[in-house]
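For the sequence shown, position 14 (counting from the first letter as 1) is numbered 14 according to this note's numbering, and the numbering increases by one without interruption.
For glycine and all other residues, C-beta sits at the position ideal for the given N, C-alpha and C.
Bear in mind the structure is a predicted one, so any value in this text is a computation, not a measurement.
Working notes, structure below.
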Amino acid sequence: MRKRGSLFVISGPSGAGKSSLINEILKNFEDVYFSISTTTREKREGEVDGVNYYFVTKDEFENDIKKGLFLEWAEVHGNYYGTSLKPVFEALQEGKLVVFDIDVQGHESIRKKFDDITTSVFVTTPSISELKKRLQKRGTDSEETIQKRLKNAAEEMKRIGEFDFVLINDDFNRAKDFILSIAKASRLKFSKDDIQSLIWEWKES
Ligand code: 5GP
Numbered sequence: 001m002r003k004r005g006s007l008f009v010i011s012g013p014s015g016a017g018k019s020s021l022i023n024e025i026l027k028n029f030e031d032v033y034f035s036i037s038t039t040t041r042e043k044r045e046g047e048v049d050g051v052n053y054y055f056v057t058k059d060e061f062e063n064d065i066k067k068g069l070f071l072e073w074a075e076v077h078g079n080y081y082g083t084s085l086k087p088v089f090e091a092l093q094e095g096k097l098v099v100f101d102i103d104v105q106g107h108e109s110i111r112k113k114f115d116d117i118t119t120s121v122f123v124t125t126p127s128i129s130e131l132k133k134r135l136q137k138r139g140t141d142s143e144e145t146i147q148k149r150l151k152n153a154a155e156e157m158k159r160i161g162e163f164d165f166v167l168i169n170d171d172f173n174r175a176k177d178f179i180l181s182i183a184k185a186s187r188l189k190f191s192k193d194d195i196q197s198l199i200w201e202w203k204e205s
């Protein structure tokens, strides 16, 4: 049977540890593709264009919206963020596990389009005060940006019921084990077409 593509959406407040968990998935899985988003926000220290994000201007982003290049896009904390359509479709066709670090709006769009092959996890901290501590410790954001992020996080928390799983990241090794298990199980999701071909092949062989 041909390899099946599946989608793995990870959302949650910035500072909850999504990037480190995603790195574990990239290290531990073959046939995995991380969807690099495009953004208009400023590059943080240590971030690399084309690795963490594609950093573009507002004009460039708006042009790409007009050209229909995004599978989904959203405004988060006053900046644009978007997922490019083409690489995701290519990775799916190659039967890969496509991993997304996107917000709750992006999750809603992906779910609407690809519900049957999507698995989603909302990663968060044990409390808002812990999130504040981690953002301050990271030291990459101004106090004003941190306040914006905390407010946004409280809004996002209201939508955790839309996710398949909620992972409280209070212990990294524990969270890592969970995310790897969920990612593994997500490979067993079948699209309706795949179910048909599985039944057909099962009968014929
Ligand atoms: P950060 O600025 O911390 O990198 O990201 C801010 C928020 O934007 C995070 O919640 C992140 O998941 C979300 N985000 C990043 N890329 C995308 C994207 O392509 N689409 C959507 N909808 N959200 C994104």
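- prompt: Beta carbon of Asp49: closer than 7 Å to some heavy atom of the ligand 5GP?
  reply: For the ligand 5GP, not one heavy atom lies less than 7 Å from the Cβ of Asp49.
query: According to the Cβ coordinates, are Arg187 and Leu97 closer than 8 Å?
result: Their beta carbons are under 8 Å apart, which means Arg187 touches Leu97 by this criterion.
field: Per DSSP, cross-strand counterpart(s) of Glu72
entry: DSSP lists Thr83 as partners of Glu72.
- request: Please state if the CB of Val121 and the CB of Phe163 are separated by a distance shorter than 8 Å.
  value: Taking 8 Å as the Cβ cut-off, Phe163 and Val121 qualify as a contacting pair.
field: Buried or exposed by the 16-neighbour rule on C-beta atoms within 10 Å, applied to Pro126
entry: Around the beta carbon of Pro126, a 10 Å sphere encloses fewer than 16 other beta carbons of the protein chains shown; the residue is thus reported as exposed.
- request: Report yes if the CB atom of Val99 is closer than 8 Å to the CB atom of Ile22, and no otherwise.
  value: Val99 is a Cβ neighbour of Ile22, given a cutoff of 8 Å.
query: If you drop the 5 nearest sequence neighbours on each side, which residues of the same chain put their C-beta closer than 7 Å to that of Thr118?
result: Hits under 7 Å: Leu7, Val9, Ile110 and Arg111.
Cβ-heavy atom distance, Gly40 to the ligand 5GP, below 7 Å: Sequence inspection shows Thr at residue 40; the Gly mentioned does not correspond to that position. Thr40 has its CB no nearer than 7 Å to any heavy atom of the ligand 5GP.
- request: Measure the beta-carbon distance from Phe179 to Leu167 and round it to whole angstroms, keeping in mind my assumption that it falls under 8 Å.
  value: For the record, residue 179 in the displayed sequence is Ile; it is not Phe. With a Cβ gap of about 7 Å, Ile179 and Leu167 count as contacting.
- prompt: Excluding sequence positions up to five away, which residues of its chain have a Cβ less than 7 Å from the Cβ of Arg134?
  reply: Correct list, in chain order: Gly15 and Thr125.
Coil, strand or helix - Ser35 by DSSP: If DSSP states are grouped into helix, strand and coil, Ser35 belongs with coil.
message: Does the distance between the C-beta of Thr83 and the nearest non-hydrogen atom of the ligand 5GP fall short of 7 Å?
response: Yes.
message: Given a cut-off of 8 Å on the beta-carbon distance, is the pair Ile25 and Tyr54 in contact?
response: For Ile25 and Tyr54, no; Cβs fall outside 8 Å.
- prompt: Are the C-beta atoms of Glu62 and some chain B residue less than 8 Å apart?
  reply: This model lacks chain B altogether; it includes just one protein chain.
field: Within 8 Å, strictly: CB atoms of Gly161 and Leu92
entry: No, the Cβ-Cβ distance between Gly161 and Leu92 is not below 8 Å.
Integer Cβ distance of Lys58 from Tyr33, believed to fall under 8 Å: A Cβ-Cβ separation of about 27 Å leaves Lys58 out of contact with Tyr33 under the 8 Å criterion.
- prompt: Could you give the uninterrupted runs of the alpha helix (DSSP H) lying entirely in the region 79 to 126, keeping only those of 4 residues or more?
  reply: Runs found: 85 to 93 and 104 to 114.
message: For Trp73, count the other beta carbons within 10 Å of its own beta carbon; 16 or more makes it buried, fewer makes it exposed. Which is it?
response: Around the beta carbon of Trp73, a 10 Å sphere encloses 16 or more other beta carbons of the protein chains shown; the residue is thus reported as buried.
- prompt: If you check the beta carbons only, do Leu150 and Ile182 fall under 8 Å apart?
  reply: Cβ distance not < 8 Å, so Leu150 and Ile182 don't count as in contact.
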